[in-house]
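S.K.:
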Amino acid sequence: MRAEEILGLFPEENRDRWRGVAKLAKRLQEIRIRAGMPLTVLADNRERFVDRQGELVDRQEDAARPEAEELENMLGHLCRYSIYAFADEIRQGFLTVQGGHRVGLAGQVILDEEGRIRNMKYIRYLNIRIAHQIRGAADPLMPHLFAEGRVRSTLLISPPGGGKTTMLRDIIRQVSDGTAYGAGVNVSVVDERSEIAGSYLGVAQNDVGIRTDILDGCPKVEGMMRLIRSMAPQVLAVDEVGSFADVQALQMAGGCGCKLLATIHGGSVEEVRKKDYMRYVMEQGLFERYVMMDRRHGAGRITGIYDGEGKLCTKQ
């Protein structure tokens, strides 16, 4: 990632302030902009503040505090000065921008007659999450995910921030392109929050392989059935399984002959098993491998690989 890519997130008249931050592009994780509050950045898991001259400082008293107008200008820039065209994404609370970076939005929501979120106004909080694709992240895992040249259905488990989406992305890429363990196959991805492929104007900003088809911004349950009907995948991938409905859709996909790649939040296999829908998953043998990850020694660390019954088969 280059500094120019970070600078491109900001309107031209504000870029001087962000040049110092942009130099941290490869180490940068988040930029948080809140109206009237200190500008903060997260790099190398360390939070720092940005002053009016664009210097990184340790004291919040020295930080710049943007006005609401500055956030409005930035949102217009991110939406290419056509906020209406991005209304659906704004309603969901995030934008995916060029480079695959994701901008979280918060402010005042507008509800429809049935109490559902129709839109958002007075957006006063932005959280820019910087995308970092790590090619090869799944290399240590790949020998355990294949049997006789075919990928095994696999569920990645980790606490938030444990690197499971990064790992899933690289597994998808390798399964799609092909590896020493198996030939490349057609993969379909339901990218509900645009975090896997990071699509921008319909084009994946992350490398997810040459045989991968992406349904961006679609709810998982509807998306899985749609892709099975339309794209005939051999492997189906989704992020963050979180309900019985998700599990039932995965089960239907598995019944159609698809291998499954998915993630779930959890601190251990035992913790995940306590969820009713996951107990059902294990009883049904939906997944052949469970991969446990944590972030205690850096995101993406694999701590154990378990078989379809949840029994430890490889400890890392």
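My numbering applies: residue 929 is where the sequence shown begins, and numbers increase by one. C-beta: ideal position from N, C-alpha, C; glycine also.
Determine the DSSP secondary structure at V1326, reduced to helix, strand or coil.
M.R.: Shown here, the chain extends from 929 to 1244; a query on residue 1326 therefore has no answer.
S.K.: Okay, do the stretch 1053-1072 and the stretch 1101-1114 touch, 3+ Cβ pairs below 8 Å being the bar?
M.R.: Verdict: yes, contact present.
S.K.: Smallest Cα separation from N1134: which of M1180, V1163 and I1099?
M.R.: I1099
S.K.: Restricting to runs no shorter than 4 residues, where is the alpha helix (DSSP H) found entirely within the stretch 1005-1032?
M.R.: 1015-1020
S.K.: I'd like the ranges of any alpha helix (DSSP H) spanning at least 4 consecutive residues and lying wholly in the stretch 1147-1196.
M.R.: 1148-1159 and 1172-1183
S.K.: What residue range does the alpha helix (DSSP H) around M1210 cover?
M.R.: D1204 to Q1212
S.K.: Cα-Cα, which of C1184, Y1234 and M1095 is closest to T1191?
M.R.: M1095
S.K.: In whole angstroms, what separates the C-alpha of I1058 from that of A950?
M.R.: 11 Å
S.K.: Measure the C-alpha to C-alpha separation of K954 and V1149 and round it to an integer number of angstroms.
M.R.: 35 Å
S.K.: Based on Cα-Cα distance, which residue from E1017, L1033, L1006 and Y1050 lies nearest to E997?
M.R.: Y1050
S.K.: Among G1195, A931, C1241 and A1181, which residue has its Cα nearest to the Cα of S1081?
M.R.: A1181
S.K.: Can you tell me the Cα-Cα spacing of V1136 and G1126, whole angstroms?
M.R.: Each residue's Cα considered, the two are about 10 Å apart.
S.K.: Just verifying my parser: in three-state terms, what is the DSSP assignment at G1112?
M.R.: coil
S.K.: From which residue to which residue does the beta strand (DSSP E) around E975 run?
M.R.: Unbroken beta strand (DSSP E) run through E975: R974 to V978.
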